[in-house]
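Q:
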Amino acid sequence: MDRRDFLKKSLVSATVAGTGVAAISKQEIAVASSQKQAADHVPPGQLDEYYGIWSGGQSGEIRILGLPSMRELMRVPVFNHDAATGWGRTDFSKELLGGRITGDTHHVHLSYTNGTYDGRYIYVNDKAQSRLARISIPNMEVDAIVNIPNSQGTHGIFPQRHKTGLVLCNSEFRIPVSDDPADHIDPSKYVTFHTAIDGETMKVVWQVMIDSNLDLCATDYKGLYSFATAYNTEGGVRLEDMIALDRDFLIVFNLERIAQAVKEGRTITLKDGDGDAPIVDARDADSPFVLRIPIPKSPHGVNIDPTGRYAVCSGKLSPTVSVVDLEKLADAFAGVIKPRDCVVAEHEVGLGPLHTAFDGRGNGYTSLFIDSNITKWNIEKAIRAYQGEDVNPIVDRIDVYYQVGHTNASMSETKDADGKWLIALCKLSKDRFLNVGPLHPENDQLIDISGEKMKLVHDGPAYAEPHDCILLPKDVIHPLKFNDKKGPRHELYKAWAKEDKVRLTRHGRVFRKGERSVRVYMPCKAPKFKLKQFEVFEGDEVQIIVTNTNNVADLPHGLTISHHDVTMLVNALDTQSITFTAGKPGVYWYYCPYFCHALHLEMRGRMIVKSRPA
Ligand code: K7E
Ligand code: CUA
21 MDRRDFLKKS LVSATVAGTG VAAISKQEIA VASSQKQAAD HVPPGQLDEY
71 YGIWSGGQSG EIRILGLPSM RELMRVPVFN HDAATGWGRT DFSKELLGGR
121 ITGDTHHVHL SYTNGTYDGR YIYVNDKAQS RLARISIPNM EVDAIVNIPN
171 SQGTHGIFPQ RHKTGLVLCN SEFRIPVSDD PADHIDPSKY VTFHTAIDGE
221 TMKVVWQVMI DSNLDLCATD YKGLYSFATA YNTEGGVRLE DMIALDRDFL
271 IVFNLERIAQ AVKEGRTITL KDGDGDAPIV DARDADSPFV LRIPIPKSPH
321 GVNIDPTGRY AVCSGKLSPT VSVVDLEKLA DAFAGVIKPR DCVVAEHEVG
371 LGPLHTAFDG RGNGYTSLFI DSNITKWNIE KAIRAYQGED VNPIVDRIDV
421 YYQVGHTNAS MSETKDADGK WLIALCKLSK DRFLNVGPLH PENDQLIDIS
471 GEKMKLVHDG PAYAEPHDCI LLPKDVIHPL KFNDKKGPRH ELYKAWAKED
521 KVRLTRHGRV FRKGERSVRV YMPCKAPKFK LKQFEVFEGD EVQIIVTNTN
571 NVADLPHGLT ISHHDVTMLV NALDTQSITF TAGKPGVYWY YCPYFCHALH
621 LEMRGRMIVK SRPA
């Protein structure tokens with residue numbers, strides 16, 4: 021029996037028995053596992069060993085995959101509008117998004133405690149509108165979004181690793197911050213910011229003002245430093261000016277000194293309207309707050325190895341990676357050694373190095389965009405080679421298809437890096453999949469790194485455009501089956517229910533809240549809405565609060581109202597609310613959009629819109 025037959029058979033028997041997993045016999049599993057199987061094969065009914073959390077790039081969302089099967093399990097809308105869930109349309113999400121409907125997610129990171137993921141939050145940036153969002157992992161939904169002041173192109177972000185502390189965010193685009201029109205056309209007045217956001221309160225704590233583009237971000241494991249690769253230290257606004265210098269910088273931020281300056285009020289404030297967090301000015305070349313370590317040339321990724329000792333900067337326009345020894349930073353800040361003396365290795369890996377992942381066994385895996393491969397190299401050998409010893413740090417190379425951006429390995433950015441899986445997020449798939457028109461999928465490739473040689477085991481087509489991902493064993497996070505109702509979203513419903521003296525789970529009620537506004541409470545349970553009908557006037561602002569009272573996991577309902585652009589998901593035991601303007605007089609059916617019951621199609625009611633009385 022081949023894999024396709026097996027899939028077909030288990031599907032048929034599942035349909036007959038009507039119970040999915042239980043319908044797969046032991047014998048079938050035995051047959052399947054006795055076959056020589058690909059490393060990425062996870063038989064039907066079996067679970068993956070790893071989660072992958074993917075950024076969705078210009079789709080504005082994040083995605084959750086299972087590894088090694090590479091099955092896409094879920095999408096979580098973040099900065100985008102999503103018709104399936106109503107994200108961007110519901111009252112809470114609309115408020116969070118502040119009227120924006122697009123976003124560009126690049127970097128996803130989990131919150132940390134003691135150098136490893138603590139399973140509480142996912143942080144993700146929006147490069148397009150300079151925001152940081154936080155996703156509550158138990159509820160797997162966004163619970164906070166913060167606008168980053170004075171910034172354009174918020175790109176690299178990284179949370180602190182010793183505890184859930186600050187989340188550092190780099191702004192990539194240099195912009196003027198004064199109101200003087202003369203400053204707007206003078207690039208020498210343009211600045212960028214390294215912003216610290218409290219990972220618990222999601223408030224901006226401070227900003228450091230810098231004059232070069234800040235690209236990728238990293239933090240150490242001790243809470244002492246944060247990092248930014250900086251390119252365009254020339255301060256150019258045209259491409260040819262931006263790449264003139266042979267060396268740019270890894271900028272190291274001294275968090276203790278910055279916090280001290282903030283405490284003592286040695287700060288400036290700008291009126292951006294986006295907030296007035298204290299700003300530390302570190303544009304001066306001799307600034308005590310930052311260390312500028314010269315690195316060739318327009319470096320991109322900066323990644324800290326799992327021992328916490330080394331920062332690896334990938335050269336982008338230089339074929340090298342530079343290894344910085346973090347134990348030398350204190351001396352460099354003290355002026356005992358020069359910043360450049362912190363570089364302990366700088367070896368060639370190939371053309372277009374962008375990002376580096378780690379296996380926890382002393383090796384780095386660097387993605388090479390131009391060469392289209394992943395190059396495995398040994399950190400210790402690279403250091404010895406830099407000291408003049410005749411050793412070759414390169415261990416292995418594997419071609420990837422095609423033009424890889426980020427690469428990441430399982431638990432690579434934690435002290436628990438386990439060296440099992442590596443992902444190459446390839447920007448182009450070209451000929452790797454069936455032709456689907458002008459836009460091709462990207463290709464997320466899964467590579468087995470458990471041995472000395474890398475092995476490609478899976479091609480995964482992906483919709484535009486995953487920039488980054490993290491991989492973690494499945495027991496690191498524990499999403500809930502029902503929303504815990506502890507988030508800020510539920511505070512809204514509780515307040516409204518109190519105001520109107522209703523119980524969300526029980527009362528189907530219509531309240532006229534003002535001359536032109538109506539609030540409707542609508543509990544529901546498969547296959548019925550509590551209210552079979554309700555009446556409003558044309559032009560009323562109608563708010564509907566729907567509560568799903570089914571105490572059964574994975575039994576979602578929702579509300580869609582014909583011709584009103586109203587649709588949302590309401591998970592089991594959850595509540596959601598949505599507000600819209602009632603249209604022309606007439607009858608409009610509302611219905612449940614999630615297939616919930618044999619009588620799902622009958623789960624509906626009528627909104628009757630009447631002419632407003634004269
Ligand atoms: Cu290299 Cu936005 Cu992380 Cu894309 S960034 S590749
Ligand atoms: Cu409830 Cu369909």
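Counting in the numbering used here, the sequence shown tops out at residue 634, every number present.
Every residue, glycine too, gets a C-beta built ideally from N, C-alpha and C.
Would you check if the distance between the CB atom of residue 183 and the CB atom of residue 133 is smaller than 8 Å?
A: Yes. Within cutoff.
Q: Helix, strand or coil for residue 51? Go by DSSP, reduced to three states.
A: Interpretation of residue 51 is limited by its pLDDT of 48, a score under 50 that renders its predicted location unreliable; no figure is taken from the coordinates.
Q: Closest to residue 95 by CA distance: which of 388, 317, 482 and 318 is it?
A: The shortest Cα separation from residue 95 among 388, 317, 482 and 318 belongs to 482.
Q: Tell me the DSSP secondary structure of residue 561 in three-state form.
A: Of the three classes helix, strand and coil, the one that applies to residue 561 here is strand, per DSSP.
Q: Starting from residue 97, trace the beta strand (DSSP E) in both directions and tell me its first and last residue.
A: First-last of the beta strand (DSSP E) with residue 97: 91-97.
Q: For the candidate residues 325, 525 and 630, whose alpha-carbon lies nearest to that of residue 136?
A: Looking at the Cα atoms, 325 is the closest of the given residues.
Q: Spell out the partners DSSP gives residue 222 in its beta bridges.
A: According to DSSP, which records beta bridges pairwise, residue 222 is partnered with nothing at all.
Q: Determine the burial state of residue 630: buried for a count of at least 16 other Cβ atoms within 10 Å of its Cβ, exposed for fewer.
A: Counting Cβ neighbours within 10 Å, residue 630 comes out exposed, since fewer than 16 surround it.
Q: Counting Cβ pairs closer than 8 Å, one from the stretch 557-572 and one from the stretch 582-601, do we hit at least three?
A: As far as the Cβ criterion goes, the stretch 557-572 touches the stretch 582-601, which means the pair count is three or higher.
Q: Residue 635 and residue 290: beta carbons closer than 8 Å?
A: The chain is shown only over 21 to 634; residue 635 falls outside these bounds and no answer can be derived.
Q: Report buried or exposed for residue 21, applying the criterion of at least 16 other Cβ atoms within 10 angstroms of its Cβ.
A: With a pLDDT of 41 at residue 21, under the threshold of 50, the modelled position of that residue is not reliable, and the figure given next carries that caveat. Classification of residue 21: exposed, given that the 10 Å Cβ count is below 16.
Q: Assuming residue 548 contacts residue 623 (C-beta within less than 8 Å), just tell me the rounded distance between them.
A: Indeed they touch by this definition, with Cβ atoms about 6 Å apart.
Q: On a CA-only basis, which of 226, 151, 492 and 469 is nearest residue 435? Give me that one, please.
A: The candidate whose alpha carbon is nearest that of residue 435 is 492.
Q: So for residue 403, helix, strand or coil by DSSP?
A: Residue state, collapsed to three classes: helix.
Q: Hey, residue 188 and residue 216 are a contact pair by Cβ (cut 8 Å); roughly how many whole angstroms apart?
A: Correct: roughly 6 Å between the Cβ atoms.
Q: Classify residue 161: buried if its beta carbon has 16 or more other beta carbons within 10 angstroms, exposed otherwise.
A: By the 10 Å Cβ count, residue 161 comes out buried.
Q: Could you name the residues that DSSP lists as bridge partners for residue 268?
A: In DSSP, residue 268 forms a bridge with 315.
Q: Would you identify the three-state DSSP class for residue 431, choosing helix, strand or coil?
A: Looking at residue 431 - three-state DSSP - the assignment turns out to be coil, as it is neither helix nor strand.
Q: Would you grab the beta carbon distance between residue 109 and residue 431 for me? Rounded to a whole angstrom, and I think it's under 8 Å.
A: Residue 109 to residue 431, Cβ: 37 Å. No contact.
Q: Tell me, please, whether the stretch 437-445 touches the stretch 455-466 by the rule of three or more beta-carbon pairs shorter than 8 Å.
A: Output reads yes: the stretch 455-466 touches the stretch 437-445.
Q: At a cut of 8 Å, does the stretch 188-198 reach the stretch 533-548 through at least three beta carbon pairs?
A: Result no; under three Cβ-Cβ pairs closer than 8 Å.
Q: Can you check the stretch 493-574 for any beta strand (DSSP E) of at least 3 residues that lies completely inside it and give the ranges in chain order?
A: Entirely contained in the stretch 493-574, the beta strand (DSSP E) runs reaching 3 residues are, in chain order, 529-534, 537-545, 553-557 and 561-568.
Q: Just verifying my parser: in three-state terms, what is the DSSP assignment at residue 60?
A: In this structure, residue 60 counts as coil in the three-state DSSP scheme.
Q: How big is the Cα-Cα spacing for residue 102 and residue 499?
A: Each residue's Cα considered, the two are about 21 Å apart.
Q: Less than 8 Å between the CB atoms is what I'm expecting for residue 538 and residue 520, so what's the real figure, rounded?
A: Not really, about 12 Å apart at Cβ, beyond 8 Å.
Q: What does a CB cutoff of less than 7 Å around residue 391 pick up in its chain, not counting 5 residues either side in sequence?
A: So the qualifying residues of the chain are 370, 371 and 372.
Q: Could you name each continuous beta strand (DSSP E) segment of 3 residues or more that falls completely within the stretch 137-180, going from the start of the chain to the end?
A: Within the stretch 137-180, the complete beta strand (DSSP E) runs of at least 3 residues are 151-156, 161-167 and 172-179.
Q: DSSP on residue 600, reduced to helix/strand/coil?
A: It is a strand residue.
Q: In whole angstroms, what is the alpha-carbon distance linking residue 211 and residue 172?
A: Whole-angstrom Cα-Cα distance: 10 Å.
Q: Which residues mark the beginning and the end of the beta strand (DSSP E) in which residue 626 is found?
A: Looking at the DSSP string, the run of the beta strand (DSSP E) that includes residue 626 is 624-630.
Q: Out of 195, 115, 423 and 241, which has the shortest C-alpha to C-alpha gap to residue 229?
A: Closest option to residue 229, Cα to Cα, is 195.
Q: Look up residue 583 in the DSSP assignment and say whether it is helix, strand or coil.
A: It is coil, neither helix nor strand.
Q: Who does residue 593 pair with in a DSSP beta bridge?
A: For residue 593, which the question treats as bridged, DSSP gives no partner whatsoever.
Q: When DSSP labels each residue in this structure, what does residue 195 get in the three-state scheme?
A: In this structure, residue 195 counts as strand in the three-state DSSP scheme.
Q: Near residue 558, which residues of its chain fall below 8 Å by C-beta distance, leaving aside the five closest residues on each side in sequence?
A: Cβ within range, chain order: 602, 603, 604, 605, 629, 630, 631 and 632.
Q: Spatial neighbours of residue 412 within its chain, please: CB distance less than 8 Å, with the 5 preceding and 5 following residues excluded, ordered by chain position.
A: Same-chain partners within the cutoff: 401 and 405.
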